[in-house]
Amino acid sequence: MHSHDLISVSVGEIRPNGEGNLSLILQAAAGEILPAYSAGAHIDIIIPGVGPRQYSLCGTPDRSNTYEICVRLTDASTGGSRYLHQQVKSGDRLAISPPRNHFPLPEAGRYLLFAGGIGITPLLAMAEAIAARKGALELHYYVASSRQTAFSPRLTQLAAGGTVAIHCSEEGASFRQRIPACLTTPDPDTAVVACGPEGFIQRLLSVMEEYRWSPSQFVFERFTPAAENNTAAKNAFYIELASSGQRLQVAADQTIAQVLQHAGVEVMLSCEQGMCGSCITGVLDGIPEHRDSVLTAEEKAGNDQITLCCSRAKSPVLVLDL
């Protein structure tokens with residue numbers, strides 16, 4: 001990401017949105033219009049001293065002069081949520097990226113939406129988009145306690161036209177304790193869309209496999225990279241730039257993105273954890289070792305694209321579409 005791509009916004013209203021959650025309204029400069037987006041999109045916010053952090057847009061996409069985000073403060077915060085909770089005030093200015101959507105709503109006749117905690121942020125926008133076109137949906141929202149429920153007024157309004165279920169772990173209704181009936185009968189016309197922490201996504205994957213859903217029906221976004229991505233051994237390999245034939249070695253302690261940047265090749269980076277999809281690049285030859293959490297199983301099996309920030313190579317050389 002480059003500074004000329006950034007947008008300056010001011011912080012408008014800041015309000016609590018369930019225990020531990022904070023909603024922030026980001027406003028365009030006077031007379032300016034913010035870039036349009038669709039449900040599932042996110043922005044980067046440049047956190048001073050920390051760098052870019054990704055937040056899903058959870059407002060109404062047809063508002064051209066404001067964005068809304070909802071941020072949960074966690075003990076595992078790497079600085080972004082803590083800064084937004086504890087230091088940002090109304091009137092402050094923030095630098096953000098234009099919206100990007102690597103988690104778009106798929107086409108389907110019916111939708112089952114599963115939100116784990118603050119994973120409600122992209123899914124609420126999706127649910128409202130489905131409801132606006134009179135689509136069939138069920139939204140299942142999992143929280144540790146009812147006190148943590150975000151967007152209560154919007155959920156109440158949404159429930160008037162569809163099924164909205166809030167499941168509280170402290171009441172014995174976590175996803176591990178109780179599987180919703182809608183998942184026990186596969187339906188080829190249904191898309192299952194989920195956002196939440198790694199354990200939540202893995203549990204959903206297991207349940208869908210148990211009840212024989214097609215993997216192509218499941219679209220998801222994680223908060224954190226898959227655990228195995230951080231622990232697997234790393235070997236050296238070569239990358240080749242298709243446009244020039246230049247060949248570069250990627251050492252065991254380097255990423256493809258780092259090597260490209262050192263060689264003067266422009267690389268679009270954001271999360272640098274294989275979660276946002278900003279650095280996805282085509283692969284023309286060779287076999288990638290996928291370590292990201294953004295490409296689907298089908299996309300990974302195709303071996304024709306790779307996330308430059310974290311994925312590596314199974315073959316000695318990868319030829320990149322660069």
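Residues in the sequence shown are numbered from 1 upward in steps of one, following UniProt numbering. We treat Cβ as the ideally placed atom computed from N, Cα and C, and that holds for glycine. Quantities reported herein were computed from a predicted structural model and do not represent experimental measurements.
Annotation for G282: the continuous beta strand (DSSP E) segment containing it runs I280 to D285. In the assembly as shown, D5 is an exposed residue. Its beta-carbon has fewer than 16 other beta-carbons within 10 Å. By the CB criterion at 9 Å, A159 and P61 fall outside the cutoff. Around the beta carbon of G59, a 10 Å sphere encloses 16 or more other beta carbons of the protein chains shown; the residue is thus reported as buried. In the structure shown, Q54 adopts extended strand secondary structure according to DSSP, grouped into three states. Fully contained in the stretch 110 to 155 are the following alpha helix (DSSP H) runs of length 4 or more, in chain order: 120 to 132.
Inter-residue distance for V193 and Q157 is about 21 Å (C-alpha atoms, whole angstroms). Under a 10 Å Cβ-count criterion, G109 is classified as exposed, with fewer than 16 other Cβ atoms of the shown protein chains found around its own Cβ. Closest in alpha carbon position to S10, among Q249, L24 and G199, is L24. Under the three-state reduction of DSSP output, R203 falls in the helix class. Closest by C-alpha distance to V317, out of C309, E289 and A301, is E289. Remark: C-beta atoms of S8 and A95 approach each other more closely than 9 Å. In this structure the stretch 303 to 315 lies against the stretch 265 to 282, because at least three pairs of beta carbons, one per stretch, are closer than 8 Å. Note that the C-beta distance between R72 and G20 is below 9 Å.
Counting along the chain, the unbroken beta strand (DSSP E) around G12 starts and ends at I7 to P16. DSSP, reduced to helix, strand and coil, places V259 within a helical segment of the structure shown. Residue range A297 to G302 is occupied by the alpha helix (DSSP H) that includes A297.
Look at H42 here: in three-state DSSP terms it is strand. Rounded to whole angstroms, the gap between the alpha carbons of M208 and I179 is 11 Å.
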